[in-house]
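Peer 1:
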Amino acid sequence: MEVLHRDGLARIARVKTRHGIINTPAVMPVINPNIITVPLKEIEKIGFSAIITNSYIIRRTEKLRTVAQEKGIHSLLNFSGPIMTDSGTFQEYVYGGVEFGNEEMVRFQESIGSDIVTIRDIFTNPDDSYETVSSAVNETYERAKNSTVHEETLLAGTIQGGIYPDLRKRSSSMMSRVSDYLPIGGVVPLLENYRYSDLVNVILASKINASMSLPIHLFGGGHPMFIPMAVLLGVDLFDSSSYVKYARGGRLLYPDGTRDLDRIFEFPPWSPLCDKFTADELRGMGEAEKTYWLSLHNLVAISNEISETRERIREGNLWQYVEWRSQAHPYLRDAFRTLSRQAWKIEKFQEISKKGAMFFPDQVSMLGPYVRRLKKFTSSYVARKYPVVCVSDSQLKKKSAIEIRGAYESKRTTMLVPWNGIHVPIELEETFPVQQSISSRLFGMHRCRSLQFGSIREDEKERNFDLEKVRAVADYQYGPGIGHILFPDGSEIRKSKKTGRIRTVSLGGNITATLRAMDGFLTLTIDGARLIDPYSRNLSVTVTDDSAEFNAKGFNVFCKFVVKASPRIISGNDTLVHDRNGKLVAVGKAALPGFEMRQFDNGIAVNVHSGLEGHHGKDTDG
Ligand code: GUN
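Residue numbers (numbering that gives the first Met the number 0): 0 to 621.
1. Quick check on this structure: which residue in Val201, Tyr193, Gln68 and Ser196 has the alpha carbon closest to the alpha carbon of glycine 184?
2. In the DSSP output, what is cysteine 389 paired with across the bridge?
3. Below 8 Å, how does it come out for the stretch 167-183 and the stretch 26-34: are there three or more Cβ pairs, yes or no?
4. With leucine 260 and leucine 281 assumed to form a contact (beta carbons below 8 Å), what rounded beta-carbon distance in angstroms separates them?
5. Which residue from Ser352, Ala67 and Asn53 puts its Cα closest to that of glycine 87?
6. Going by DSSP in three states, isoleucine 505 sits in which element: helix, strand or coil?
7. Consider the C-beta atom of glycine 185 and the heavy atoms of the ligand GUN; say whether any pair is separated by less than 7 Å.
8. Opposite phenylalanine 557 in the DSSP bridges: which residues?
9. Quickly, what does DSSP pair arginine 13 with across the bridge? List them, please.
10. Using 8 Å for Cβ pairs, my map puts valine 472 next to glycine 519. What's the rounded Cβ distance?
11. Which one or two residues does DSSP pair with asparagine 53 in a beta bridge?
12. Would you say the beta carbon of methionine 549 comes nearer than 7 Å to a heavy atom of the ligand GUN?
13. Less than 7 Å between the CB of serine 86 and some heavy atom of the ligand GUN, yes or no?
14. Is the closest heavy atom of the ligand GUN to the C-beta of glycine 219 under 7 Å?
15. Report yes if the CB atom of tyrosine 245 is closer than 8 Å to the CB atom of valine 37, and no otherwise.
16. Measure the alpha-carbon distance for tryptophan 269 versus phenylalanine 225 and round it to whole angstroms.
17. Buried or exposed for aspartate 120, please, with buried defined as at least 16 other CB atoms from any protein chain shown within 10 angstroms of its CB.
18. Just grab the DSSP bridge partners of arginine 250 for me.
19. At a cut of 8 Å, does the stretch 333-350 reach the stretch 358-378 through at least three beta carbon pairs?
20. In three-state DSSP terms, what is aspartate 465?
21. Using the C-alpha atoms, what's the distance from glycine 405 back to serine 399?
22. Which complete beta strand (DSSP E) runs does the stretch 475-530 hold, if anything under 3 residues is left out?
23. Would you tell me roughly how many angstroms separate the C-alpha atoms of glutamate 109 and leucine 523, rounded to the nearest one?
24. What's the call for asparagine 192, buried or exposed, on a 16-neighbour Cβ count within 10 Å?
25. Grouping DSSP H, G and I as helix and E and B as strand, with all else coil, what is glycine 616?
26. Sorry if obvious, but does the Cβ on phenylalanine 225 come closer than 7 Å to a heavy atom of the ligand GUN?
27. Going by DSSP, which residues form a beta bridge with lysine 588?
28. Excluding sequence positions up to five away, which residues of its chain have a Cβ less than 7 Å from the Cβ of leucine 485?
29. Quick check: the Cα distance between lysine 275 and arginine 13, rounded to an integer number of angstroms?
30. Pull the bridge partners of methionine 357 from the DSSP assignment, please.
31. Hey, out of Trp323, Leu583 and Val105, whose CA is closest to methionine 357's CA?
32. With a threshold of 8 Å between beta-carbons, can lysine 70 be considered close to chain B, or not?
33. Using the DSSP secondary-structure output, state which residues sit across from histidine 422 in a beta bridge.
34. Between phenylalanine 599 and the ligand GUN, is the CB less than 7 Å from at least one heavy atom?
35. Given alanine 135, which residues of its chain have a CB within under 7 Å of its CB, disregarding the five upstream and five downstream residues?
36. Less than 8 Å between the CB atoms is what I'm expecting for proline 302 and glycine 46, so what's the real figure, rounded?
The structure is reproduced here in structure tokens:
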């Protein structure tokens, strides 16, 4: 798969199949080959480019089997896009005893031309014992290992493991080795019973132990209410039979839940039912016609949610969107809290900053990955040997910037300022997300020992605020202690005449870094990179010699040429590019977290902005 945009674990990607590309996040409507409720042409028109059907139903229905085997599944369903087939596992769980084994079902799916073939995994219930689930995980792996498909067909090896995180972890890493595509299975009972907190744990354990280069699918998870949260946790694809199941029960899907047709007065403007029928007219229709129209409404609701989720990923604010949407149901809110408490697992996937401002409506919003990173840094900053002083809320309001700066420069302290109920280093006042945030008044006043103010003379100054500021940002961005190496005494700071903000830092006439107005982080030049090179282990990507030659000229680094990458590289942060001999050849921005770089064999790993030979940011395949 090719990843185009990321926001933490969420991504917009392209999954290649024999019958075309699936643009993810995507939902595949479930098509029952016996009863086509909505013609596939209409499903396509709403925006669904791939579908899923059940090969077990086809296999055991002679009429369908004959056509599928003679003409192929695409002909049978009259659909030319990607088709995924399921294997009968779920039917076995619901109805018991399925007559065909794994090998037979995989071969059958291949023979009818399925694009994504699913193994006959072992479904387990959330209530099943650890031992039962553990042996199901092992047997599922054995089945996947023994399944072979045509090179261009994708083999879907389901991750099982019930609600046991260690079994999900085991299943996920084992299945990653033998599959091209990873559905998360065994979750339908959790979805049906609104057990969203359990789902968060199951998805997270499955996702973070899987190969990042494989698409993740949530079996049965296509309700619009849960889609954004699942995508935030790294799910790329869903299937949905709910659109038709709910329609048969006279129910309509909405972004925040479900409504009974019996109680509806009007249809929302986005619904295909709006302006077409009154609710009474729909209620008066025959069953088949009513199911068709309600299915159409439900498909549009799902498609809208996918589209909104994709937009949020592009904006980099899916977390915020999920936080807001979690108000729809108390269990969803619980799940959001469960997710927030595990922000430490997500933090390493989160970019260094995002484009817009962060919203902080309440304390729960302070549990997200960006604030966690900031808090971690603040704790290490406070642990330094200097005395800690806090600027109080009222001092921050009443004192001028010059007065505060004077107090800062008069003494070597660790000075903290209040921000959303916590304290953060004053030097990070312009760094994301401290400045780029909008907070509600729910955050109360901070209690702390107030700072003493007094006037000082220039010759009494112990330090320079601007220099300490860029040093602190460098420590935050590149690691503790880097600030002093990158910006030694004698560094020269240049500010914007218009805004008064720091723009560049130079040493001996050479610019070493620029401070970005957008997020208050630094961008290293090649001269800056040279200074920190001996201490850059956590920021280093090693590339093949062929690649190094191009990167030195300013061309981007591609994942397939990465030999080694520090697992601590944060996506969007400056990264030093080295050749195999450890020689620095370029500096740029990581396009993905360091530990993912070697998992992909396509796409850019580092967007180079300066090469040793001076050119800037170009694309090449080497
Ligand atoms: N459909 C819903 N859940 C599952 C599952 O766990 N495995 C398979 N193969 N299909 C499913």
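Note that the Cβ used here is the ideal one computed from N, Cα and C, for glycine as well.
Peer 2: Well, looking at it:
1. Counted from its first residue, the sequence shown places residue 184 at position 185. Ranking Val201, Tyr193, Gln68 and Ser196 by Cα distance to glycine 184 puts Val201 first.
2. For the purposes of this step, residue 389 is taken as the residue at position 390 of the sequence shown. Paired residue(s): Leu415.
3. no
4. Start at 1 with the first residue of the sequence shown, and residue 260 comes out as number 261. Start at 1 with the first residue of the sequence shown, and residue 281 comes out as number 282. Yes, they are in contact, since the Cβ atoms of leucine 260 and leucine 281 sit about 6 Å apart, within 8 Å.
5. Residue numbering aside, residue 87 sits at position 88 when the sequence shown is read from its first letter. When each option's Cα is compared against that of glycine 87, the closest is Asn53.
6. Locating residue 505 in the sequence shown gives position 506, where the first residue counts as 1. One detail in the question is off: residue 505 reads as serine in this sequence, not isoleucine. It is a strand residue.
7. Locating residue 185 in the sequence shown gives position 186, counting from the first residue. Within the cutoff, so yes.
8. On the sequence shown, residue 557 is found 558 positions in, with the first residue counted as 1. DSSP, once it has assigned bridges, lists Ile603 as partnering phenylalanine 557.
9. Your numbering for residue 13 matches position 14 in the sequence shown. Answer is Glu1 and Asn22, bridged to arginine 13.
10. Residue numbering aside, residue 472 sits at position 473 when the sequence shown is read from its first letter. Residue numbering aside, residue 519 sits at position 520 when the sequence shown is read from its first letter. 7 Å between Cβ atoms; contact.
11. Taking the sequence shown and counting its residues from 1, the one referred to as residue 53 is at position 54. Bridge partners of asparagine 53: Asp85.
12. Along the sequence shown, read from residue 1 onward, the residue named residue 549 stands at position 550. Sequence check: residue 549 is phenylalanine here, not methionine. No - the ligand GUN has no heavy atom lying nearer than 7 Å to the Cβ of phenylalanine 549.
13. On the sequence shown, position 87 is the one that residue 86 refers to. Because some heavy atom of the ligand GUN lies under 7 Å away, the Cβ of serine 86 counts as near it: yes.
14. For this step, residue 219 is matched to residue 220 along the sequence shown. Glycine 219: yes, Cβ under 7 Å from the ligand GUN.
15. In the sequence shown, the residue the question calls residue 245 occupies position 246. In the sequence shown, the residue the question calls residue 37 occupies position 38. No, the pair does not count as a contact, with Cβ atoms beyond the cut-off.
16. As a first step, residue 269 is located in the sequence shown; it is residue number 270 there, counting from the start. As a first step, residue 225 is located in the sequence shown; it is residue number 226 there, counting from the start. Whole-angstrom Cα-Cα distance: 19 Å.
17. On the sequence shown, position 121 is the one that residue 120 refers to. Buried, because 16 or more other Cβ atoms sit within 10 Å of the Cβ of aspartate 120.
18. Numbered from 1 along the sequence shown, position 251 holds the residue referred to as residue 250. As a beta-bridge residue in DSSP terms, arginine 250 pairs with Asp259.
19. yes
20. Residue mapping note: residue 465 aligns to position 466 of the sequence shown, counting from 1. Helix, per DSSP.
21. As a working note, residue 399 is residue 400 in the sequence shown. As a working note, residue 405 is residue 406 in the sequence shown. Their Cα atoms are separated by approximately 10 Å.
22. Assignment of beta strand (DSSP E) within the stretch 475-530, counting only whole runs of 3 or more residues, yields 491-494, 501-506, 509-514 and 521-523 in chain order.
23. Reading the sequence shown from its first residue, position 110 is the one you call residue 109. Reading the sequence shown from its first residue, position 524 is the one you call residue 523. Cα to Cα, glutamate 109 sits roughly 51 Å from leucine 523.
24. Locating residue 192 in the sequence shown gives position 193, where the first residue counts as 1. The residue is exposed, with fewer than 16 neighbouring Cβ atoms inside 10 Å.
25. Stepping through the sequence shown from its first residue, residue 616 is reached at position 617. In this predicted model, glycine 616 has a pLDDT of only 46, less than 50, meaning its place in the structure is not dependable enough to derive any value.
26. As a working note, residue 225 is residue 226 in the sequence shown. The nearest non-hydrogen atom of the ligand GUN is 7 Å or more from the C-beta of phenylalanine 225.
27. In the sequence shown, residue 588 corresponds to position 589, counting from 1. Paired residues: Asp573 and Asn606.
28. Translated into positions along the sequence shown, residue 485 becomes position 486. The residues are Ala473, Thr511, Ala512, Gly527, Leu530 and Ile531.
29. Looking up residue 275 in the sequence shown gives position 276. Looking up residue 13 in the sequence shown gives position 14. The straight-line gap from Cα to Cα measures roughly 36 Å.
30. Locating residue 357 in the sequence shown gives position 358, where the first residue counts as 1. DSSP, once it has assigned bridges, lists Ser436 as partnering methionine 357.
31. Taking the first residue of the sequence shown as 1, we reach residue 357 at position 358. That would be Trp323, whose Cα lies nearest to the Cα of methionine 357.
32. Protein chain content of the structure displayed is limited to a single chain, and chain B is not contained in it.
33. If you number the sequence shown from 1, residue 422 lands on position 423. BP columns for histidine 422 point to Pro417.
34. Taking the sequence shown and counting its residues from 1, one reaches residue 599 at position 600. Because no heavy atom of the ligand GUN lies under 7 Å away, the Cβ of phenylalanine 599 does not count as near it: no.
35. As a first step, residue 135 must be located in the sequence shown, where it is residue number 136. Correct list, in chain order: Ile121, Thr123 and Gln159.
36. Here residue 302 refers to the residue found at position 303 when the sequence shown is read from its first residue. Here residue 46 refers to the residue found at position 47 when the sequence shown is read from its first residue. The sequence shown places serine at residue 302, rather than the proline named in the question. That pair is a contact at about 5 Å.
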